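Asks: I have a structure I would like to understand better, so I am pasting it below and will then ask my questions one at a time.
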Amino acid sequence: DAGVTQSPTHLIKTRGQQVTLRCSPKSGHDTVSWYQQALGQGPQFIFQYYEEEERQRGNFPDRFSGHQFPNYSSELNVNALLLGDSALYLCASSFQDRANQPQHFGDGTRLSIL
Amino acid sequence: AQSVSQHNHHVILSEAASLELGCNYSYGGTVNLFWYVQYPGQHLQLLLKYFSGDPLVKGIKGFEAEFIKSKFSFNLRKPSVQWSDTAEYFCAVTGSTNAGKSTFGDGTTLTVKP
Chain S
321 DAGVTQSPTH LIKTRGQQVT LRCSPKSGHD TVSWYQQALG QGPQFIFQYY EEEERQRGNF
381 PDRFSGHQFP NYSSELNVNA LLLGDSALYL CASSFQDRAN QPQHFGDGTR LSIL
Chain X
5 AQSVSQHNHH VILSEAASLE LGCNYSYGGT VNLFWYVQYP GQHLQLLLKY FSGDPLVKGI
65 KGFEAEFIKS KFSFNLRKPS VQWSDTAEYF CAVTGSTNAG KSTFGDGTTL TVKP
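As you go down the protein sequences, you meet chains S and X in turn. Counting from 321, one number per residue, gives the positions in the first sequence under our numbering. Counting from 5, one number per residue, gives the positions in the second sequence under our numbering.
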């Protein structure tokens, strides 16, 4: 049973560029959440997708956008990259209607902005 | 706004010492509580969770945590740590109706000396 998979593992971009990160949820899960984990901090909630719509959003600017596909996989897009966007980006999946079951996390994508 | 506070940023122990990591949360409603562990180079893994019932919960690898509602606390304990417990530990909270939006603390780095 495949867990949460993310790609790519590492990415280096320069300021002003755009980036797309990808996530495949654990088999059977229908909800994908994205988190940003800066160095020395805990993961910060970016947004959550369910039924191909953004359902909740954390305190992140509109430069951060996402998408969920019919097969439940998801993308995170970040435009106009800033140095402060350097972080580990985590994808987590869960069941929308089973709040008593925890999320499963992927290994993350390490994004470095030069 | 919901928040999680982990009191210890870095804990250093010798093998066989007892461990207690503090976690306090602020949340307006019924909560689910989690402890995750992140070993070097690995993804976040669930140590244990509390949803309801017995406030003393047992997790993997000999860890346990106690939910004290009156103190808004969910402290993690282990009677005797091992070198292999060296990792970063995160406390997290979700609302009882949404498993996909977690608020994390900033983590505690545990170093166990052999």
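From the three backbone atoms N, C-alpha and C, an ideal C-beta is built for every residue, glycine too. Because the structure is a prediction, the values reported are computed rather than measured.
1. Residue range of the beta strand (DSSP E) that residue 327 of chain S falls in?
2. Any beta-carbon of chain X closer than 9 Å to the one on residue 410 of chain S?
3. Quick check: the Cα distance between residue 106 of chain X and residue 20 of chain X, rounded to an integer number of angstroms?
4. Is the number of C-beta pairs between the segment 355-368 of chain S and the segment 329-336 of chain S that are closer than 8 Å three or more?
5. Out of curiosity, what's the CA-to-CA distance linking residue 413 of chain S and residue 56 of chain X?
6. Let me know if residue 423 of chain S comes out buried or exposed under the rule of 16 or more other beta-carbons within 10 Å of its beta-carbon.
7. What residues of chain X sit near residue 363 of chain S, judged by a beta carbon separation below 7 Å?
8. May I ask you to report which of helix, strand or coil DSSP gives residue 404 of chain S?
9. CA-CA distance, residue 47 of chain X and residue 425 of chain S?
10. Quick one: is residue 36 of chain X buried, meaning 16 or more other Cβ sit within 10 Å of its Cβ, or exposed?
11. Which runs of the beta strand (DSSP E) spanning at least 3 residues fall entirely within the segment 85-113 of chain X, listed in chain order?
12. Could you give the DSSP three-state label for residue 30 of chain X: helix, strand or coil?
13. Under a CB-based cut-off of 9 Å, is residue 104 of chain X close to chain S?
14. Tell me the rounded alpha-carbon separation between residue 116 of chain X and residue 69 of chain X.
15. Note down the Cα distance separating residue 415 of chain S from residue 351 of chain S, rounded to an integer number of angstroms.
16. Output, in chain order, the set of chain X residues within a Cβ distance shorter than 9 Å of residue 389 of chain S.
17. Just checking my contact of residue 372 of chain S with residue 390 of chain S at CB under 8 Å: how many whole Å lie between their CB atoms?
18. Within 9 Å (strictly less), CB to CB, does residue 98 of chain X reach chain S?
19. Contact check, residue 77 of chain X vs residue 22 of chain X under 8 Å by CB: the rounded distance?
20. Determine which residues of the segment 44-55 of chain X have a Cβ less than 7 Å from any Cβ of chain S, and write them out in chain order.
21. For a test of the three-state rule: what should DSSP assign to residue 7 of chain X, helix, strand or coil?
22. For a contact defined as C-beta to C-beta under 9 Å, what are the partners of residue 36 of chain X on chain S?
23. Does DSSP classify residue 353 of chain S as helix, strand or coil?
24. Using 10 angstroms around the beta-carbon of residue 91 of chain X, count the other beta-carbons present and answer buried if the total reaches 16, otherwise exposed.
Replies: On the basis of the coordinates in this document:
1. Position 7 of the first sequence, counted from the first residue, corresponds to residue 327 of chain S. Its beta strand (DSSP E) spans residues 325-327.
2. As a working note, residue 410 of chain S is residue 90 in the first sequence. Yes, its Cβ sits closer than 9 Å to a Cβ of chain X.
3. The sequence position of residue 106 of chain X within the second sequence is 102, counting from 1. The sequence position of residue 20 of chain X within the second sequence is 16, counting from 1. Taking the straight line joining both Cα atoms gives about 32 Å.
4. no
5. In the first sequence, counting from the first residue as 1, residue 413 of chain S sits at position 93. In the second sequence, counting from the first residue as 1, residue 56 of chain X sits at position 52. Cα-Cα distance, rounded: 22 Å.
6. For the purposes of this step, residue 423 of chain S is taken as residue 103 along the first sequence, with counting starting at 1. So residue 423 of chain S ends up on the buried side.
7. Counting from 1 along the first sequence, the entry for residue 363 of chain S is found at position 43. What residue 363 of chain S touches in chain X: 108.
8. Along the first sequence, read from residue 1 onward, the residue named residue 404 of chain S stands at position 84. The answer is helix: DSSP assigns residue 404 of chain S an H, G or I state.
9. Walking along the second sequence from the start, residue 47 of chain X turns up at place 43. Walking along the first sequence from the start, residue 425 of chain S turns up at place 105. Roughly 7 Å separates the two Cα atoms.
10. As a position in the second sequence, residue 36 of chain X is number 32, starting the count at 1. That one is buried.
11. 91-99
12. The sequence position of residue 30 of chain X within the second sequence is 26, counting from 1. DSSP places residue 30 of chain X in the strand class (E or B) of the three-state scheme.
13. The residue you call residue 104 of chain X lines up with position 100 of the second sequence. Chain S contact via Cβ: present.
14. Taking the second sequence and counting its residues from 1, one reaches residue 116 of chain X at position 112. Taking the second sequence and counting its residues from 1, one reaches residue 69 of chain X at position 65. Residue 116 of chain X and residue 69 of chain X: Cα-Cα distance of roughly 19 Å.
15. In the first sequence, residue 415 of chain S corresponds to position 95, counting from 1. In the first sequence, residue 351 of chain S corresponds to position 31, counting from 1. Rounded to whole angstroms, residue 415 of chain S to residue 351 of chain S spans 6 Å at the Cα level.
16. Reading the first sequence from its first residue, position 69 is the one you call residue 389 of chain S. The premise fails here: residue 389 of chain S is roughly 17 Å from chain X at the closest Cβ pair, so nothing lies under 9 Å.
17. For the purposes of this step, residue 372 of chain S is taken as residue 52 along the first sequence, with counting starting at 1. For the purposes of this step, residue 390 of chain S is taken as residue 70 along the first sequence, with counting starting at 1. So it is a contact: roughly 7 Å between Cβ atoms.
18. The residue given as residue 98 of chain X occupies position 94 in the second sequence. Residue 98 of chain X counts as touching chain S.
19. In the second sequence, counting from the first residue as 1, residue 77 of chain X sits at position 73. In the second sequence, counting from the first residue as 1, residue 22 of chain X sits at position 18. With 8 Å as the limit, residue 77 of chain X and residue 22 of chain X do not qualify as a contact, their Cβ atoms being about 18 Å apart.
20. 47, 48, 50, 53 and 55
21. As a first step, residue 7 of chain X is located in the second sequence; it is residue number 3 there, counting from the start. Strand.
22. Counted from its first residue, the second sequence places residue 36 of chain X at position 32. Near residue 36 of chain X (Cβ distances below 9 Å), the residues of chain S are 419, 420 and 422.
23. Locating residue 353 of chain S in the first sequence gives position 33, where the first residue counts as 1. The answer is strand: DSSP assigns residue 353 of chain S an E or B state.
24. Looking up residue 91 of chain X in the second sequence gives position 87. Result: buried.
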